[in-house]
Amino acid sequence: MSTANIIKLADLPKAQPFVLSDVERHEIEHELTHYPDSRAASIGALKIVQQHRGWVPDEAIPLIAEMIGMSAAELDGVATFYSLIYRRPVGRHVIKVCDSISCFLTGYDAVRQGLEQKLGIQYGQTTADGRFTLLPICCLGACDRGATLMIDDDLHGNVTPQGLDRILEAYK
Amino acid sequence: MTSAETKPLTKNIDPARGPLDLKGYEAAGGYAAVRKSIKQLTPAGVATAVKDANLRGRGGAGFPTGVKWSLVPMGADAPKQKYLVCNADEMEPGTFKDRLLMEQDPHQLIEAMIVAGFAIQASAGYIFLRGEYVVAAERLNAAVAQARAAGYLGRDILGSGWDYDVYVHTGAGRYICGEETALINSLEGRRANPRAKPPFPQISGAWGKPTVVNNVETLCNVPHIVNFGAEWFKGLSQGKSKDGGTKLYGVSGRAKRPGLWELPIGTSAREILEVHAGGMQDGLKLKAWLPGGASTDFLIEEHLDLAMDYDTIGRAGSRMGTGLLTVVDDRQSMVSVVRNLEEFFARESCGWCTPCRDGLPWSVKILRSLERGEGRSEDIEQLQRLTRQLGPGKAFCAHAPGAMEPLQSALKFFRSEFEAGLAKPPAAAQQAAA
């Protein structure tokens, strides 16, 4: 092997160092004021980063951990525990389908199947165009309107397979 | 009687109008309990009223609120930091009552947080709200800001020398956060694993300080008890129960008019289902019902005339739990219904202790094979064994024992449906294969 084939480190394009934005830092600092101990802000801080980026990349973990005085490993343990903290990229819209008992009794299976067919994805997957991610979620507390689902921050009740197109079209 | 006298919790609620702002809430008599507590009563006076009213926890366990509070250290030697935490992590399948209280009358909960915080002389209050309740979060935060601006929160509240503020803490999923000590761990920014008891949170809770955790609906009763007294509260049940107060009852499943109603505690399940929810949908019959969430034992048609209160439903072999009925219709397979419930509990186990982490998926595996008609002859006995091995005292917290309640009662009332899921005997199966 000739030395010409060896790529010198200095010739590689420089990776942009990952940084939290000023807005993210500001919001996390505000969150810290609510508690007697800074680590209590960990879940709030993860949610702030997720709100700005759609998910929480690995590179963000040490930076958030430093801000709130935890080790990166501890914060990673927290971040992986909670189901609403996404550790992989998600689509522009996240569909969370309630699969608990009241919705199960009022048509959950048909709604899930309808979504899987329309979107061509299953739980945990994202459509190829990056529009939707599909996830199950436990009881949404709107059981008198089953079947229910949430898209982003919007709750939808009395969902039927036939009504899915109308619901989905609002999310581009 | 006016609705204030019979339906104190929902008297201000009109979803078509939306929640009252501070001015509207005050005009409806709001924050009178804060004034009365601070100006006329003492912390002990508030606590005594709640104890005398025998208010019982509306989150599901029914523990007397006054007794819970009485374990908090008080007086000059007590720690300066004490916390009141509102459990607003409403995630019990089939339960949708706290959402209404928080979305439609947020000031009622803020007032309750102030009065209850005063009773235990808390230094701060936290509303632990599930992350999906975005509307409630917005409205509670607005109400907190208004209450702070009006001097009901902050330093030296109404000239009392008492400093206290309330924060809305939103969660990020996981049912286990509703368990009192797991909730405290989550509030502290940790994984939501339950803690060992003792020490009880009232002695060493959030950040090692005395902490009381109360459910939303429980707390919302407190200002009314302060305003109108323990005897008035006891009378709200109109003789239907030895417990006092009203209860938010609801129905979900295939009833004609699923919904939520504030009724005297001890109202019969039949009245709730047949009068308020209009009975089952046409063509469907009631097969079984959960009295108050996924972690309560199934009851059947013959139990419908029971009073929905803690003791009566307890004597029937179940628990009132959250008091919101989930009705199962006769087209449902009980094996599938229980499989759905156990899948929920298996997924939501925090994984801390082995019986729960391994036992719950095991029950799901067996139930799935029964659904396919591939159950092995010992499977039903194994399910029975799991109900004991995951029962009270066998796991670190109430999650696994709660999960076993619908399973054990379904096995009791509907055993033949489970037996129907067993594979045909080997001889017959071999013949079929040949």
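Protein chains in written order, with this note's numbering: chain A, 1 to 172; chain B, 1001 to 1434.
Positions of the beta carbon are idealized from the N, C-alpha and C atoms, including for glycine.
For the segment 72-104 of chain A, which residues have a CB atom closer than 8 angstroms to at least one CB atom of chain B, in sequence order? Answer in chain order: G77, V78, F81, Y82, S83, L84, I85, K96, D99, S100, I101, S102 and F104.
Please report the straight-line C-alpha distance between A1122/B and V1168/B, rounded to a whole angstrom. Numbered from 1 along the second sequence, position 122 holds the residue referred to as residue 1122/B. Numbered from 1 along the second sequence, position 168 holds the residue referred to as residue 1168/B. Looking at the backbone, the Cα of A1122/B and that of V1168/B are separated by about 16 angstroms.
Contact with chain B by L140/A, beta-carbon distance below 8 angstroms: Taking the first sequence and counting its residues from 1, one reaches residue 140/A at position 140. Yes - at least one Cβ of chain B is within 8 angstroms of the one on L140/A.
Closest Cβ-Cβ distance between Q1108/B and chain A: below 8 angstroms? Walking along the second sequence from the start, residue 1108/B turns up at place 108. Chain A, which has no Cβ nearer than 8 angstroms to the Cβ of Q1108/B, makes this no.
Straight-line Cα distance separating F1096/B from G1250/B: Here the question's residue 1250/B lines up with position 250 in the second sequence. Here the question's residue 1096/B lines up with position 96 in the second sequence. Taking the straight line from one Cα to the other gives about 8 angstroms.
What are the residues of the segment 1259-1284 of chain B that lie near chain A, defined by any Cβ-Cβ distance shorter than 7 angstroms? Here the close residues are G1259 and L1260.
Rounded to whole angstroms, what is the Cα-Cα separation between P1406/B and L1390/B? Within the second sequence, the letter at position 406 stands for residue 1406/B. Within the second sequence, the letter at position 390 stands for residue 1390/B. Roughly 13 angstroms separates the two Cα atoms.
Who are the Cβ neighbours of E1188/B in its own chain at under 7 angstroms, not counting the five residues just before and after it? Numbered from its first residue, the second sequence carries residue 1188/B at position 188. Counting only residues of its own chain and dropping the five nearest sequence neighbours on each side, E1188/B has a CB closer than 7 angstroms to the CB of A1206 and W1207.
Would you list, in chain order, the members of the segment 146-167 of chain A that have their beta-carbon closer than 7 angstroms to a beta-carbon of chain B? Listed in chain order, the positions of the segment 146-167 of chain A with a beta carbon within less than 7 angstroms of a beta carbon of chain B are G146, M150 and D153.
Would you give the residue range spanned by the beta strand (DSSP E) that C98/A belongs to? For the purposes of this step, residue 98/A is taken as residue 98 along the first sequence, with counting starting at 1. Segment H93 to C98, the beta strand (DSSP E) holding C98/A.
If we count Cβ pairs, one from each stretch, closer than 8 angstroms, do we get three or more for the segment 1048-1056 of chain B versus the segment 1221-1238 of chain B? Touching, per the Cβ criterion.
Contact set between S21/A and chain B, taken where Cβ atoms lie within less than 8 angstroms: Position 21 of the first sequence holds residue 21/A. The premise fails here: S21/A is roughly 21 angstroms from chain B at the closest Cβ pair, so nothing lies under 8 angstroms.
Within-8 angstroms CB hit, I43/A to chain B: Counting from one through the first sequence, the residue named residue 43/A turns up at place 43. Under the Cβ criterion of 8 angstroms, I43/A is counted among the residues facing chain B.
Could you say which of A1016/B, C1220/B, R1195/B and L1140/B lies nearest to R1058/B if we only look at CA atoms? Taking the first residue of the second sequence as 1, we reach residue 1058/B at position 58. The residue from A1016/B, C1220/B, R1195/B and L1140/B with its alpha-carbon nearest to that of R1058/B is C1220/B.
C14/A CB to nearest chain B CB: under 8 angstroms? If you number the first sequence from 1, residue 14/A lands on position 14. The sequence given here has Lys at residue 14/A, not Cys. With 8 angstroms as the cut-off, K14/A does not count as an interface residue toward chain B.
Which one of V1213/B, G1060/B and G1244/B has the shortest CA to CA distance from A1116/B? Numbered from 1 along the second sequence, position 116 holds the residue referred to as residue 1116/B. Selected option, being the one with the closest Cα: V1213/B.
With 8 angstroms as the limit, tell me which residues of the segment 1085-1104 of chain B have their beta carbon closer than that to any beta carbon of chain A; keep them in chain order. Those would be E1090, M1091, E1092, P1093, G1094, T1095, F1096, D1098 and R1099, in chain order.
M150/A - containing beta strand (DSSP E), residue span: Translated into positions along the first sequence, residue 150/A becomes position 150. Per DSSP, M150/A belongs to the beta strand (DSSP E) from L149 to I151.
Residue ranges of each alpha helix (DSSP H) run of no fewer than 4 residues wholly in the segment 1387-1419 of chain B, ordered along the chain? Given a length threshold of 4 residues, each whole run of the alpha helix (DSSP H) inside the segment 1387-1419 of chain B is given here in chain order: 1399-1413 and 1415-1419.
Name the DSSP bridge partner or partners of M1280/B? As a first step, residue 1280/B must be located in the second sequence, where it is residue number 280. In the DSSP output, where bridge partners are listed per residue, M1280/B has A1255/B.
For M1001/B, I'd like the list of residues in its chain whose CB is within less than 7 angstroms of its CB, leaving aside the five on either flank, ordered along the chain. Residue 1001/B sits at position 1 when you count from the first residue of the second sequence. Bear in mind that the predicted position of M1001/B carries a pLDDT of just 48, short of 50, making it too unreliable to give a figure here.
Status (buried if at least 16 other CB within 10 Å, exposed otherwise) for R1415/B: Counted from its first residue, the second sequence places residue 1415/B at position 415. Burial call: exposed.
Identify, in the order they occur along the chain, each residue of the same chain with its Cβ nearer than 6 angstroms to the Cβ of A1420/B, setting aside the five sequence neighbours on each side. Residue numbering aside, residue 1420/B sits at position 420 when the second sequence is read from its first letter. No residues qualify anywhere along the chain.
So what's A1124/B in DSSP terms, helix, strand or just coil? Reading the second sequence from its first residue, position 124 is the one you call residue 1124/B. Three-state DSSP puts A1124/B in a strand.
Other residues of its chain near S1363/B: CB distance less than 6 angstroms, five sequence neighbours each side excluded: If you number the second sequence from 1, residue 1363/B lands on position 363. Here the set comprises E1342 and L1386.
Applying a beta-carbon distance threshold of less than 8 angstroms, which residues of chain A neighbour S1363/B? Here residue 1363/B refers to the residue found at position 363 of the second sequence. Listed along chain A, no residue sits closer than 8 angstroms to S1363/B by beta-carbon distance, the nearest being about 15 angstroms off.
Leaving aside the five residues before and after R92/A along the sequence, list all residues of the same chain whose C-beta is less than 7 angstroms from its C-beta, in chain order. Counting from 1 along the first sequence, the entry for residue 92/A is found at position 92. Only G130 and R131 meet the Cβ criterion.
Straight-line gap, K1242/B to H1276/B (C-alpha atoms, nearest Å): As a first step, residue 1242/B must be located in the second sequence, where it is residue number 242. As a first step, residue 1276/B must be located in the second sequence, where it is residue number 276. For K1242/B and H1276/B, the distance between alpha carbons rounds to 23 angstroms.
Report yes if the CB atom of L1304/B is closer than 8 angstroms to the CB atom of L1273/B, and no otherwise. Residue numbering aside, residue 1304/B sits at position 304 when the second sequence is read from its first letter. Residue numbering aside, residue 1273/B sits at position 273 when the second sequence is read from its first letter. Cβ atoms of L1304/B and L1273/B: closer than 8 angstroms.
Contact set between the segment 1170-1192 of chain B and chain A, restricted to residues whose Cβ is under 8 angstroms from the partner: Near chain A, meaning a CB-to-CB distance below 8 angstroms, the residues of the segment 1170-1192 of chain B are T1170, G1171, A1172, G1173, R1174, Y1175, S1186, L1187, E1188, G1189, R1190, R1191 and A1192.
Are the beta-carbon atoms of I1110/B and V1072/B separated by less than 8 angstroms? On the second sequence, position 110 is the one that residue 1110/B refers to. On the second sequence, position 72 is the one that residue 1072/B refers to. Not closer than 8 angstroms, so no.
Cβ contact (3+ pairs, closer than 8 angstroms) linking the segment 1252-1267 of chain B and the segment 1301-1316 of chain B: Three or more Cβ pairs drawn from the segment 1252-1267 of chain B and the segment 1301-1316 of chain B lie within less than 8 angstroms of each other, which places the two stretches in contact.
Quick one: grab the DSSP three-state call for D970/B. Only positions 1001 to 1434 of chain B appear in the structure, and residue 970/B is not among them; the question remains open.
Examine chain A for any beta-carbon lying closer than 8 angstroms to the beta-carbon of T1326/B, and answer yes or no. One-based indexing of the second sequence puts residue 1326/B at position 326. Chain A contact via Cβ: present.
DSSP beta-bridge partners of V1327/B: Start at 1 with the first residue of the second sequence, and residue 1327/B comes out as number 327. Looking at the DSSP assignment, V1327/B forms a beta bridge with G1253/B and W1289/B.
Return the CA-CA distance between A79/A and G1235/B, expressed in angstroms with no decimal places. The residue you call residue 79/A lines up with position 79 of the first sequence. The residue you call residue 1235/B lines up with position 235 of the second sequence. Looking at the backbone, the Cα of A79/A and that of G1235/B are separated by about 48 angstroms.
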